[in-house]
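Numbering (the working numbering), first residue to last: 4 to 124.
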């Protein structure tokens, strides 16, 4: 079992507060136009998992390897996602300081997202 946080599911009522807390702790939120570029470099398309050279690297180094410019003090790279599975490559295990952030409309949806994440990997 790999014990590494890879996704955060947040209730819509506190989503903005959580996002602000992450920003204060040097998280970088990928812009919409950066997500596809990041996915293309970060995920090995043949396996659908993190590309070998990315595992264990710092957030700044990973961003550089993916062609994304981030502040030098970036600790974590965050992609805001709405789904789980092959169409959402970063919803897989990442083994690095990269995570996906999901906004849940209610607790039932939050549980479903979590179950989907566990089942996908």
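Think of the CB as a built atom: it goes at the ideal place given N, C-alpha and C, for glycine as much as any other residue.
Hey, would you say residue i sits closer than 9 Å to residue j, going by beta carbons?
i	j	result
residue 119	residue 88	yes
residue 125	residue 103	Here the chain covers residues 4 to 124 and nothing more, so residue 125 does not appear.
residue 101	residue 116	no
residue 99	residue 53	yes
residue 82	residue 41	yes
CB-CB under 6 Å to residue i, same chain, minus the five flanking residues each way: which ones, in chain order?
i	result
residue 91	84
residue 97	9, 53
residue 38	82
residue 76	29
residue 71	37, 41
residue 124	95, 96
According to DSSP, residue i sits in a beta bridge with which residue or residues?
i	result
residue 106	13
residue 83	104
residue 41	DSSP output for residue 41 lists no bridge partner at all.
residue 46	53
Need the endpoints of the alpha helix (DSSP H) that residue i sits in, please.
i	result
residue 63	62-68
In chain order, what residues of the same chain have a beta carbon less than 7 Å from the beta carbon of residue i, not counting five sequence neighbours either side?
i	result
residue 106	13, 15, 18
residue 25	81
residue 21	13
residue 58	98, 99
Hey, could you find the ends of the beta strand (DSSP E) residue i is sitting in?
i	result
residue 21	Residue 21 -> not in any beta strand (DSSP E); alpha helix (DSSP H) instead, spanning 18-27.
residue 91	Note, residue 91: premise wrong, no beta strand (DSSP E); not H, not E.
Note down, in chain order, each residue of its chain lying with its Cβ closer than 8 Å to the Cβ of residue i, except the 5 sequence neighbours on either side.
i	result
residue 4	Here the model assigns residue 4 a pLDDT of 44, short of 50, so the residue's position is not dependable, and the following value carries that caveat. Answer for residue 4: no residue qualifies.
Exercise. Is the region 26-41 close to the region 63-71, with three or more CB pairs under 8 Å?
Worked result: yes
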